[in-house]
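Just add 192 to the spot in the sequence shown (first one is 1) and you have my numbering.
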Amino acid sequence: MNRYGQPSSEGRFDRVVRAAVEAGLTGAAHPVAGFIDIDGVHTTVGELQSAFEGVAVLHAFAAKACPLVPVLRLLAARGLGCEVASPGELAQALAAGFPAERIVLDSPAKTRAELAEALGLGVAVNADNLDELKRIDELVTPQTASVLGIRVNPQVGAGSIIAMSTASASSKFGVPLADPGMRDEVVSAFAARPWLTRLHVHVGSQGCPLELIAEGVRAAYELAEEINAAVGRRQVTSLDIGGGLPVNFDDDSVRPSYTEYVAVLRARVPELFSGRYSLVTEFGRSLLAKNGFIAALVEYTKAADGRRIAITHAGAQTATRTVFMPQEWPLRVEAYDAGGRRRRGRELVQDVAGPCCFAGDVVAHGRELPELTEGDLVVLRDTGAYYFSSHFSYNSLPRPAVHGFSSAGDGTVFVPIRTAQSTAEVVAEAGAEHRDALLALNSAEGR
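In structure tokens form, the structure reads like this:
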């Protein structure tokens, strides 16, 4: 079934996989590669924009979810902004063409240099804590164009994945509102800084139910009202409500949808849509996850203790979260033959393992799949965010190529997004230019 409950999606997807094999983009010569469905990205962006139609909102894509410049460029062209959390992500956003005023800098560890750069460019900044505000005090001038805010932790609780929950009582993010005296300190911080005009809240992402996210947004809205009442003017003019829409990894359906999320917000925080505040969102995973997949070659198959194991080229380096937290991040695995045709027939219980040299490098444990053999392909679905775009360089495995595709017309057209990393580039990244540096120290010490 596809995202609209129609049975045509599987056929289209199979045609894309076969076309990728026929184009030589995956297979023996390219044992692992990532793919992004450009048609799907356009559809998902349209769904987000439609859900918030009539609302003054900047949808700032969370760059961490897919920090690939061509993808960011596509989203910028659709009118989105970009949420960044490091100097690298900021540079990527600028390279993609996002105007500075549509970029939002979030990070719990911004340096003075990073703050100075952001304010110099006019990038919006959400301070993570009250000490960071003191650093910003030293940089703000009457000419500063950046929208400045502060992130608060509403401490409304955690979702089912603790590592993805940012509004627990002891989260490292934001000013903890329920801690003694902290709410008053936030109000005082705004009163002392007329240039502070935004509140930021983000409850978490995967594993956080919509009601919990809405509870955090409600807390931020109520705090904004309290601040404005205390200072006697509309100082807080915008609310950054973060992202965090969970993704369904079980099948092709999109649930929850952006429309469902907005409906929960309207029910729990109806005043949010009164026009009193402009909004910023920071969706990432929900925009890209279901619009990408990984294709990987089956290099060997073997059996151990009665369990069949397929050794593939997609493991921890491309599916890091799934390998290290398989219960929280299970992925659908689908089997194709060497020609890119879907494997049928009797299913066997199999492990699908990766190429990394540690025992836990397994992306699927005990999965029922048609029997995999050498030369086949496995496809990891829903990996458009936080997977092949966020490479883990274990064993010095190279970053795989990433391709965009469109099948809106006749056939499937592929375009390059990222070139595969060469072995020479891996070596250069490992400090090859300084090869003799330590030997020079030995000589200096007389060894």
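Glycine residues also receive a C-beta, built at the ideal position from the N, C-alpha and C atoms.
Since we're looking at a predicted model, the values are computed, not measured.
Fully contained in the region 530-606 are the following beta strand (DSSP E) runs of length 3 or more, in chain order: 539-545, 554-562, 569-572, 593-598. Only residues of its own chain outside the window of five on either side were considered, and among them Val317, Arg327, Ile328, Leu331 have a CB closer than 7 Å to the CB of Leu307, listed in chain order. The continuous stretches of alpha helix (DSSP H) do not include Arg499, which lies in the beta strand (DSSP E) extending over residues 499-504. DSSP places Ile353 in the coil class of the three-state scheme, outside both helix and strand.
A direct Cα-Cα distance of roughly 9 Å separates Phe475 from Glu275. Only buried fits Ile228, as 16 or more other CB atoms lie within 10 angstroms of its CB.
Within its own chain, the residues whose Cβ lies closer than 6 Å to the Cβ of Arg294, once the five positions on either side in sequence are excluded, are Gly273, listed in chain order. Counting every other CB atom within 10 Å of its CB across the protein chains shown gives Glu625 a total below 16, marking it as exposed. Following the DSSP letters along the chain, one finds Tyr528 inside the beta strand (DSSP E) bounded by residues 525-528. Of all alpha-carbon atoms in Gly373, Arg375, Pro448, Tyr469, the one lying nearest the alpha-carbon of Arg390 is that of Tyr469.
Just so you know, the alpha carbons of Leu457 and Leu369 end up roughly 21 Å apart. Around the CB of Cys549, fewer than 16 other CB atoms lie within 10 Å, so the residue is classed as exposed.
Annotated three-state conformation of His222 is coil, per DSSP. For Leu479, the number of other beta carbons within 10 angstroms of its own is at least 16, and it is reported as buried. Per DSSP, Thr615 has no beta bridge partner at all. Around the beta carbon of Tyr492, fewer than 16 other beta carbons sit within 10 angstroms, so the residue counts as exposed. Secondary structure within the region 365-398: the beta strand (DSSP E) runs of 3 or more consecutive residues, fully enclosed, are 388-392 (chain order).
Buried is the label assigned to Glu526, since at least 16 other Cβ atoms lie within 10 Å of its Cβ.
Your pair Ile501 and Lys494 checks out as a contact, with CB atoms roughly 5 Å apart and the cut at 8 Å.
Taking a 10 Å sphere around the C-beta of Lys482, we find 16 or more other C-beta atoms and assign the residue as buried. Residue burial annotation: Gln519 is exposed, with fewer than 16 other C-beta atoms found within 10 angstroms of its C-beta.
DSSP, read as helix, strand or coil, puts Ile328 in helix. Restricting attention to Leu266, Cys400, Gly289, Arg426, the CA atom closest to the CA of Leu388 is found in Arg426. Spanning the alpha carbons of Pro300 and Val209 requires a straight line of approximately 40 Å. Inter-residue distance for Asp497 and Asp543 is about 12 Å (C-alpha atoms, whole angstroms). Residue pairing by DSSP puts Pro608 in a beta bridge opposite His595.
Counting along the chain, the unbroken beta strand (DSSP E) around Leu471 starts and ends at 470-473.
CA-CA distance, Thr615 to Asn345, rounds to 44 Å. Boundaries of the beta strand (DSSP E) around Glu275: 273-276. Excluding five sequence positions before and after Leu297, the CB atoms of its chain that fall closer than 6 Å to its own CB belong to Val276, Ala310, Val315, Val317, given in chain order. Each of Gly436, Phe244, Leu589 was checked against the Cα of Ala355, and the nearest Cα belongs to Gly436. Taking 8 Å as the cut-off, the beta carbon of Leu471 is found no closer than this to the beta carbon of Ser445.
Counting along the chain, Val409 sits inside the alpha helix (DSSP H) bounded by residues 402-423.
In this model, Gly246 and Ala350 are separated by some 31 Å (Cα to Cα). Below 8 Å, enough C-beta pairs join the region 258-265 and the region 595-609 to call them touching: three or more.
Bridge partners of Ile295 according to DSSP: Cys274.
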